[in-house]
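If you're matching positions, the sequence shown starts at 126 in the working numbering and goes up one per residue.
All C-beta atoms in this analysis are idealised placements derived from N, C-alpha and C, irrespective of residue type, glycine included.
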Amino acid sequence: MEYLTGTEKTKASEYLAKATEIARQATCARSKCGSIIVKDNEIIGSGFNSPPQELDSQYRCSNSKDTYHKKVTDKTCCIHAEQRAMMDALRNNPNKLPGARLYFIRLDENGEPSFAGKPYCTICSKMALDVGIKEFTLYHKEGICVYTTEEYNDLSYRYSE
Numbered sequence: 126m127e128y129l130t131g132t133e134k135t136k137a138s139e140y141l142a143k144a145t146e147i148a149r150q151a152t153c154a155r156s157k158c159g160s161i162i163v164k165d166n167e168i169i170g171s172g173f174n175s176p177p178q179e180l181d182s183q184y185r186c187s188n189s190k191d192t193y194h195k196k197v198t199d200k201t202c203c204i205h206a207e208q209r210a211m212m213d214a215l216r217n218n219p220n221k222l223p224g225a226r227l228y229f230i231r232l233d234e235n236g237e238p239s240f241a242g243k244p245y246c247t248i249c250s251k252m253a254l255d256v257g258i259k260e261f262t263l264y265h266k267e268g269i270c271v272y273t274t275e276e277y278n279d280l281s282y283r284y285s286e
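Dropping the structure here:
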């Protein structure tokens, strides 16, 4: 885990701003999230959280994470922003995924970026490992933080213990 400084922090802020724009497209009633994947200063994938294919029958956003055991990481209706970004990159830039960096942002109730908590989603971290994403980037209160994907996955598993 490393907090970015200088020009790296400036560039990461720009990418998180793009992820924020994408998050504003999310149709989830509980939370709006956005993600982009970058390789060699090129955005190779992007996504926001929403139900599969925006199908009316799949809107189940009333599910609360408080109503099920903490080891169950996802019983909500939405495809995660990270998953959508990875699927987008797999469709359009599959050869660029290995070694890429994923940026993730969650919006507050006013549509502005909010600070991320600890890594917790093993669904996304396992998928990122499998497709070769090298790093996850989150916006924490302490600054913009980069995790190796393996570290992010390990922390996600510890969160659910």
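Between the C-alpha atoms of I168 and I161 there is a straight-line separation of about 7 Å. Here N218 has I169, G170 as same chain residues with Cβ atoms under 7 Å from its own Cβ, once five neighbours each way along the sequence are excluded. If you look at R283, you'll find it in the alpha helix (DSSP H) that goes 274-284. Among the bridge pairs identified by DSSP, V256 is matched with none. Following the DSSP letters along the chain, one finds R231 inside the beta strand (DSSP E) bounded by residues 226-232. Within the DSSP secondary-structure output, L263 pairs in a beta bridge with C270. Shown here for E275: same chain residues with a beta carbon closer than 8 Å to its own, the five before and five after excluded, namely L254 in chain order. Cβ neighbours of L222 within its own chain (closer than 6 Å, five residues either side excluded): A214, V256, G257. Within 10 angstroms of the beta-carbon of K157 lie 16 or more other beta-carbons, which makes it buried.
Counting along the chain, the unbroken alpha helix (DSSP H) around K136 starts and ends at 131-148. The C-beta separation of T262 from Y228 comes to about 5 Å, placing the pair in contact by the 8 Å criterion. Boundaries cannot be given for E237, as no alpha helix (DSSP H) includes it and DSSP labels it neither H nor E. In terms of Cβ geometry, L232 and A148 form a close pair [threshold 7 Å]. Beta-bridge partners assigned by DSSP to E127: V271. Note on geometry: alpha-carbon atoms of S138 and M126 lie some 17 Å from one another.
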